[in-house]
Structures are given as C-alpha cells and as structure tokens.
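Trainee:
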C-alpha cells in the first residue's frame, strides 16, 4: 500500500498478516457493501445480517483478545479493515464505532463480567454497538451534556435526556450513553452507562436522520424517558469516571477518522488520474494539459504526505506513544486535506464530477462530516494549541 503516485512506498506497520486481512476485508466490502450500496442508501442502513457475516470471517473486533471472542490481533488489524472501507468509499457500515470505539471502551474500562457479557456477542455480530455522546444542544463540548442518570429506590439508574447523530442508532442493541450522575460535580460527575436496548423500558429510537451524504449510514436520534438501566451496567462499576474514559479513548477514535481520510484521498487522486487520462478536451487528454497535471501533482503530494503522517501516528499508537495533540493534528489536518483534494478532483471531472454515478461526487458529499464528527476540527486546533 502506498500513496497515489508513490508506488514504491510501503507502510512500515503493514506486515504479511495484515496484507492478507486487507484482501479478505476488501473482498467482503466489495461483495456486501459496494454491491449493495444503492439498497443500503435507500433504506438508510446496512443489512443487519451483514454484521453476522462480518463476524463469521473475523472482521469485527479484530483487536479484542480471543478470550473475549475477538480476533486477538493488534489495533492495526482493525485499522486495516477501516482502511479498506475508505478505499472502497464506504462510510455506511458503522464498524469503526462498533469495533474501533465501543469494544475498546468495554475492554479498557468494563468489569470482567461486562467484558464477558458483551464482547463475544459484539465480535460475532450478534450485538451491534453505538456510543451516545452528542445531544441537540451539546456536540463537541462534552461538559455541556444535559442527559441525567439518577439512582432509583432499587439502586438502578433512570436516564433522562436525548441524543442525536448516533452512528448505528436505529440498529444498536448496545449503547454506551454519556450521562451526568452528579450534575454538581462538573466533569467528575459524568459517567458511562451501557443501555441494552431490547429490554429497556423508557428507551425510544427517533428517526434516522436525512443527511447530505453518507446515506447508507444509520445515523439516528435517541430518547430516554426515565429509561431504567441496571446498576451493574455502569461501565467499570464506579461513577464519575466517564470524562476521563472519554478523553483517553478519543485519540484512538480520531486515528480511525484519519486513516479513512487518507484512504479516500488516495482513492480520489487515483480515480481522477484515470479519468483525466481517458477524457479528452480540445483534441487531447485532459491529463496532457499543464493545469491538470499540476493540480494532480499537488493532490498526489498531499495524499503522500498524509500517508506518511498517518503511518507515523499508527506506529506511535502501537508503541503507546500517540498523544492527544498529535491525534488531534492527524484528525484535523488529514480531514481538511481530504476535503480539499476531493474538491479539486471534482473540478477536474467537470460536470461529471457533480453526477452521483461518478464515485468522486459521492466522495465529495460523504467526506464533509469527517471534519465535524469525533470532535470538530476547531476543537482539534484548541487541543493542539494547549499543548504548545
């Protein structure tokens, strides 16, 4: 694997085992996601059975230990699957949230009983997971959330509030909900509670949201009307740990976004090189025009710089040295580059670049929220600035 125009470059973190996994993931994504894209976009979610099929061939929870039903690999194994999704232009399947985020919250902070209860079913695809942070009045600012969780007379929790922009929202069986268990304690009063949706009285799903792009992504609203959650579903069993748990895991979430950003940037450049060499204008291929070549030269350079940067971040993550500021740099800069390069590639496609039958048009619409979710890029700059 190498950046567009850099065929001799190989990502140092990718070994033979990861290459084999990449081939398996690419084939699965082509057959089950790309081939069914129109269906998934029309119904606003991927088929539920797709999760089980992915679990059967080991594409879910790749880096969760085998004792909890996972693949027993490194986080790089999950990243390889997400990379293949980016290359295939699939941002509909919410595996990044399921395997890359929720599974690792449970692994890192859950009690032993919680790990054994939920992780094997997530790895098999029996359970689909989501995380509910954002609210109608609180996005990147986690301190501003208003969802409350209050202990009742039996010692269980009653959750009240609403969440929005929840990936896997309409299908999720398991939702990690960010709530205030002590509203007077500031960030020390935030806890994570795991809602098992099937039997949760007071839990209601809202509509699947109608987005500009990413139409196959199941992005929904959730409502909690004194939703009853057993006390043993408090992640880790101790109140007030939620903010620390969230901020510790967010660097990994931002790395996932960065990996997808680079993959889509590389795909955009490759597709546009192919298009401009085949498309003729004024009697010659578009690629033969100096402006086209210079534009693509700049885009290929940006893609390659992005590849080298994200490779470095992956290696640092594997070594346990990826800090929050560097993860924020990767998330903000690479998603900005993603949108800039794809926009330039749309221009080089001319009118066809605005037609949805061309992949570059879908890339253009699907890429824009990358700069918003996992913390808006403006928040990333604030994190970086605080480290200076």
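Numbering (the working numbering), first residue to last: 2 to 389. Glycine is no exception: its CB is placed at the ideal position from the N, C-alpha and C atoms. Model, not experiment: these values are computed from the prediction.
Can you tell which of 321, 313, 260 and 267 has its C-alpha closest to the C-alpha of residue 460?
Mentor: With the chain represented from 2 up to 389, any question about residue 460 goes unanswered, as that position is not in the structure.
Trainee: For residue 272, tell me which candidate among 292, 301, 254 and 247 has the shortest Cα-Cα distance.
Mentor: Residue 272 has its Cα closest to that of 301, out of 292, 301, 254 and 247.
Trainee: By the three-class DSSP mapping on this structure, what secondary structure does residue 6 have?
Mentor: At residue 6 the pLDDT is 46, less than 50, meaning the model places this residue with poor confidence and gives no usable figure here.
Trainee: In whole angstroms, give me the CA-to-CA distance for residue 151 and residue 386.
Mentor: So the alpha carbons of these two residues sit roughly 36 Å apart.
Trainee: What number of angstroms, rounded off, separates the C-alpha of residue 1 from the C-alpha of residue 231?
Mentor: Any question about residue 1 goes unanswered here, given that the chain covers just 2 to 389.
Trainee: Check whether the segment 228 to 245 and the segment 157 to 164 touch, using three or more Cβ-Cβ pairs below 8 Å as the test.
Mentor: Because the criterion of three Cβ pairs below 8 Å is met, the segment 228 to 245 and the segment 157 to 164 touch.
Trainee: Answer with buried or exposed for residue 370, where buried requires no fewer than 16 other C-beta atoms within 10 angstroms of its C-beta.
Mentor: Buried, because 16 or more other Cβ atoms sit within 10 Å of the Cβ of residue 370.
Trainee: Once DSSP output is grouped into helix, strand and coil, what is the label at residue 160?
Mentor: Strand, per DSSP.
Trainee: How many Å lie between residue 293 and residue 303 at the Cα?
Mentor: C-alpha separation (whole angstroms): 15 Å.
Trainee: Applying the criterion that 16 or more other CB atoms from any shown protein chain within 10 Å of the CB defines a buried residue, is residue 298 buried or exposed?
Mentor: Counting Cβ neighbours within 10 Å, residue 298 comes out exposed, since fewer than 16 surround it.
Trainee: When DSSP builds the beta bridges, which residues end up paired with residue 370?
Mentor: Looking at the DSSP assignment, residue 370 forms no beta bridge with any residue, so it has no partner.
Trainee: Taking only three categories from DSSP, how would you classify residue 177?
Mentor: If DSSP states are grouped into helix, strand and coil, residue 177 belongs with the strands.
Trainee: Take the Cβ of residue 138 as the centre, count every other Cβ of all protein chains shown within 10 Å, and call the residue buried at 16 or more, exposed below.
Mentor: Residue 138 comes out exposed.
Trainee: Do the segment 10 to 23 and the segment 176 to 187 touch if we need at least three Cβ pairs shorter than 8 Å?
Mentor: Verdict: no, contact absent.
Trainee: So, is residue 357 buried or exposed, given that buried needs 16 or more other C-beta atoms within 10 angstroms?
Mentor: Residue 357 comes out exposed.
Trainee: Looking at residue 26 and residue 402, is the spacing between their C-beta atoms short of 8 Å?
Mentor: No statement about residue 402 is possible, as the shown extent of the chain runs from 2 to 389 and does not include it.
Trainee: Using a C-beta cutoff of 8 Å, does residue 168 count as contacting chain D?
Mentor: This model lacks chain D altogether, as it is built from one protein chain only.
Trainee: Count the other C-beta atoms from every protein chain shown that fall within 10 angstroms of the C-beta of residue 97, then say buried if there are 16 or more, exposed otherwise.
Mentor: Label assigned to residue 97: buried.
Trainee: Where do the N-terminal and C-terminal ends of the beta strand (DSSP E) with residue 116 fall, by residue?
Mentor: No beta strand (DSSP E) contains residue 116, which is instead part of the alpha helix (DSSP H) from 113 to 125.
Trainee: Give me, in chain order, the residues of the same chain whose beta-carbon lies closer than 8 Å to that of residue 201; leave out the 5 immediate sequence neighbours on both sides.
Mentor: Contacts found: 228, 229 and 230.
Trainee: Could you tell me the alpha carbon to alpha carbon distance between residue 256 and residue 207, rounded to whole angstroms?
Mentor: Residue 256 and residue 207: Cα-Cα distance of roughly 29 Å.
Trainee: For the candidate residues 171, 219 and 236, whose alpha-carbon lies nearest to that of residue 204?
Mentor: Considering only alpha carbons, the answer is 171.
Trainee: The beta strand (DSSP E) with residue 223 in it runs from where to where?
Mentor: Counting along the chain, the beta strand (DSSP E) containing residue 223 begins and ends at 220 to 230.
Trainee: If I follow the unbroken alpha helix (DSSP H) through residue 37, where does it start and stop?
Mentor: Note, residue 37: premise wrong, no alpha helix (DSSP H); not H, not E.
Trainee: Identify which residue in 307, 195 and 362 has its Cα closest to the Cα of residue 336.
Mentor: Taking only the C-alpha atoms, the option nearest residue 336 is 307.
Trainee: Under a three-way DSSP split, which group does residue 84 fall into?
Mentor: In the structure shown, residue 84 sits in a helix (DSSP, three-state: H, G or I).
Trainee: Please classify residue 280: does DSSP put it in a helix, a strand, or coil?
Mentor: It is coil, neither helix nor strand.
Trainee: Among residues of its own chain, excluding the 5 on either side of residue 5, which ones have a beta-carbon nearer than 6 Å to its beta-carbon?
Mentor: Reliability of the predicted coordinates at residue 5 is poor, the pLDDT of 47 falling under 50, and no value is obtained from them.
Trainee: Please work out which residues of its chain come closer than 6 Å, Cβ to Cβ, to residue 18, disregarding the five sequence neighbours upstream and downstream, and give them in chain order.
Mentor: Excluding residues within five positions, none has a Cβ falling inside 6 Å.
Trainee: Anyone know if the C-beta pair for residue 363 and residue 296 falls short of 8 Å?
Mentor: No, they are not a contact pair.
Trainee: Considering only their Cβ atoms, is the gap separating residue 262 from residue 215 smaller than 8 Å?
Mentor: Their beta carbons are not under 8 Å apart, which means residue 215 does not touch residue 262 by this criterion.
Trainee: Within 10 angstroms of its Cβ, does residue 213 collect 16 or more other Cβ (buried), or is it exposed?
Mentor: By the neighbour-count rule (16 or more Cβ atoms within 10 Å), residue 213 is not buried but exposed.
Trainee: Out of curiosity, what's the CA-to-CA distance linking residue 383 and residue 254?
Mentor: So the two alpha carbons sit approximately 17 Å from each other.
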